[in-house]
Every structure is written in structure tokens, then in C-alpha cells.
Amino acid sequence: MRAQSVLDKAEAIVKHQYHNPRSDYQADRNFIAEIRSDDLVPTKFIFPSSSHVVPVWVSPQSLTLTSQAVPDQGDGTDIWISIAEVRNVFNIPYGEGQNDEWLACGAIPWSRIECVMPYDGSQVHQQMTPVHRNGWSFNWVANVWREAPRKPIVIQEMYKDEEEEARPPERQAACK
1 MRAQSVLDKA EAIVKHQYHN PRSDYQADRN FIAEIRSDDL VPTKFIFPSS SHVVPVWVSP
61 QSLTLTSQAV PDQGDGTDIW ISIAEVRNVF NIPYGEGQND EWLACGAIPW SRIECVMPYD
121 GSQVHQQMTP VHRNGWSFNW VANVWREAPR KPIVIQEMYK DEEEEARPPE RQAACK
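What follows is the structure, given as C-alpha cells:
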């Protein structure tokens, strides 16, 4: 039941960003990604020029047996920061950010992404069905929004040229 409540909260946040009347910027072509985090391990990052110690979470292969320091991201390390854990370090007011919000530092490896669910302005789509919004279509193979073709075509034809950038087929199942 917890996964559903997390999805509900993510959907509420994306709806707020999409329909926020107080913002000059309206988010468009949104999606929610389910990220696998079960193997992340806690460590800390110490700024060389200050005494700030920032708690971070990293993939286990990024830590060596002799060091608990966070390596350079150039080697493919994925680093995550929890808003709840750094709120006091950076004096973040409770009105900013959510305690269950995580920040990805750098690119998120494909191996961490369990599924991607597009948001079309009214709902988050968890099943692989055609999703369109303002001249854009969600590409379930590449997990991105693409400009919609000018004429209607069959979904399989629409995605056949994007096989190279697609994730492995075993990851294409609909989200749970």
C-alpha cells in the first residue's frame, strides 16, 4: 500500500506544477519515474573549503574498501541527497521542499529506473496506452515525449525507428 501512497503524492506534485496559477512557467510534457533505491548506502561528503558535512546516498560499487569518501561522478557514480537529511545542513525552511523528496546529483542510470509514467495534464498513465498532449505523444519505447506525427499512424510504426535508444525489452512492462 505504501507504493500507491507515494504515487498519489507524486501525482499531486506533478498536477500542482502543471496547473500552478501563481507561476509564470507552466510545466509541460511531465512524467513520473519510479526509481530503484534499495541498494543505496549512506555516506557523507565533506566540502574541502568548509566544515559542512553533507549526508549522501551512493551506489555500493562507488565506495572502496579503504575509503568512505564519495568519488568523482565521472566514473558513473550515482549520488542522491535526501531533503530531510540536509534540511539542517543548509538551513532549508520547512516550507521549501518535501521531507520525502530526493535530489539526483547528475544523470540517473537506466539501471535505476523501474518504469516511467507520463502525465498528460489530467492523469498519470501507468499502462502502455497512447498518450497525447498539445501536439506531443509519449514514446513508451524510449520513455520520452516526442513531437506527434502530422498524420495518424499505428503505434508500432511510430516507434520502429527508435529501437536503438530504447531500453531492454524486459524493462518495458507497464508500471505496477
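Residues in the sequence shown are numbered from 1 upward in steps of one, following UniProt numbering. Using N, Cα and C, we set each Cβ at its ideal position, and we do this for glycine too.
Pairwise C-beta distances place the stretch 45-58 in contact with the stretch 80-96, as three or more of them are shorter than 8 Å. Residue pairing by DSSP places Pro42 opposite Trp57 in a beta bridge. Taken in chain order, the whole alpha helix (DSSP H) runs of length 4 or more contained in the stretch 79-138 are 83-86. Comparing alpha-carbon positions, the option among Glu34, Ala33, Trp80 lying closest to Phe45 turns out to be Trp80. One alpha carbon belongs to Gln127, the other to Cys175, and they sit about 7 Å apart. Annotation for Tyr94: Arg87 place their beta carbon closer than 8 Å to its own, counting only its chain and skipping 5 residues before and after. Burial is judged here by how many other beta carbons sit within 10 angstroms of a residue's own beta carbon; Trp110 has fewer than 16 and is exposed.
Bounds of any beta strand (DSSP E) do not take in Phe47, whose DSSP letter is neither H nor E.
Taking the C-beta atoms as reference points, Arg146 is found no nearer than 8 Å to Ile35. Looking only at Pro42, Trp102, Trp140, Met117, the smallest Cα-Cα distance to Ile32 is reached by Met117. When only Cα atoms are considered, Ser62 and Ala107 end up about 15 Å apart. Per DSSP, the unbroken beta strand (DSSP E) holding Val144 starts and ends at 144-147.
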